[in-house]
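Engineer:
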Amino acid sequence: MFVALLLMFGPLHCHSEPVPITAYEGDTVTLQSTGNTTWNFSRIRWSIFDNKTFIATFKGGDLRTDLFWSYTGRLTLNRTTGDLHIKNVVKRDAKLYSVLLMDVSGPQQNHDVQLTVRAKLFQPTLSNKGVEYGNGQCEVKLVCTSPQTGLNFTWAYLGDSSVLFKSHSLDRNSSFLWAYLPTGSAANFSCTVSDNLRNTSNSLQVPCRDERNHWIIVYIFGVFTTPIVLLPLKWWTGCQPIAATEV
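All letters in the sequence shown, in the order written, are residues -16 to -1, 1 to 231 by mature numbering (1 follows the signal peptide of the UniProt record, and there is no 0).
#1: Mapping DSSP to helix, strand and coil, what is Asp87?
#2: Using DSSP bridges, identify the partner residues of Pro2.
#3: Give the straight-line distance between the Cα atoms of Tyr81 and Thr138, rounded to the nearest whole angstrom.
#4: May I have the straight-line CA-CA distance separating Leu165 from Phe173, to the nearest angstrom?
#5: Could one say the Cβ of Phe137 lies closer than 8 Å to chain B's Cβ atoms, at least one of them?
#6: Buried or exposed for Asp77, going by 16 or more other Cβ atoms inside 10 Å?
#7: Just list the residues that DSSP pairs Ala40 with in beta bridges.
#8: Check whether the Cβ atoms of Cys192 and Pro108 sit closer than 8 Å, and answer yes or no.
#9: With a threshold of 6 Å on Cβ separation, who are the neighbours of Thr41 within its own chain once the five nearest residues in sequence on each side are excluded?
#10: Apart from the five residues just before and just after Leu181, which ones in its own chain have a Cβ nearer than 7 Å to its Cβ?
#11: Could you tell me which uninterrupted beta strand (DSSP E) segments, each at least 3 residues in length, are contained entirely in the segment 118 to 174, listed from first to last along the chain?
#12: Taking the beta carbon of Ser130 as the centre, do at least 16 other beta carbons fall within 10 Å, making it buried, or is it exposed?
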């Protein structure tokens, strides 16, 4: 019975569970064929949409990678390994890919790859929301935001080990940090965002200078220097030559 079916429908193609792979927009991704390394391929056929649309093939020495419009100029097929390279990955590339491999001696093998495409991870924006002074220290308020949601936020700093800080995620795309710095010090804070596969960060240097003391010094300087400037001026205006009177 099995022989009869084989003669009627040809060899049965068994597909394994799809191998998941993740790429980012703009990247180059390699879809591995997992072919038998001892084989000399007579045919390689990559397809999408339930094996109904070919996107890259190799047969009889003829290599084709321009079979489907959305992949034009972006595919490279390795005729030795059967691997398919997709460059400049875009969102619509996320789908199930199937490959058929055939050895010159007749055996063939099928393999599926499920490609997931993620948006490029953007650098977060880090901004200083204000500094408050008191008791010889500064309370710094920083906010870290990302145009993307569902990311993990982490904070770190480089500087005085006595710096105290705490953070809190406001929502799905921002995080807040409070830090306490000794007056006269400075610290570099960094915010890192991650999607569990990749991460990117931004940093900001925050000085702790009590601007109130600065203006007090300016005021005192002004109080003491103003008479010094005005007295010579008054003396000069009071000693102007007296105009001669006619007799």
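Quick reminder that beta carbons are idealized off the backbone N, C-alpha and C, glycines included.
Structural biologist: Straight from the coordinates:
#1: Three-state result, Asp87: strand.
#2: DSSP, once it has assigned bridges, lists no residue as partnering Pro2.
#3: 36 Å
#4: 12 Å
#5: The structure shown has no chain B; it contains just one protein chain.
#6: By the neighbour-count rule (16 or more Cβ atoms within 10 Å), Asp77 is buried.
#7: For Ala40, which the question treats as bridged, DSSP gives the partners Trp30.
#8: no
#9: Annotation for Thr41: Arg29, Arg48 place their beta carbon closer than 6 Å to its own, counting only its chain and skipping 5 residues before and after.
#10: Thr6
#11: With a minimum length of 3 residues, the continuous beta strand (DSSP E) runs that stay inside the segment 118 to 174 are 121 to 129, 136 to 142, 148 to 155, 158 to 166.
#12: buried
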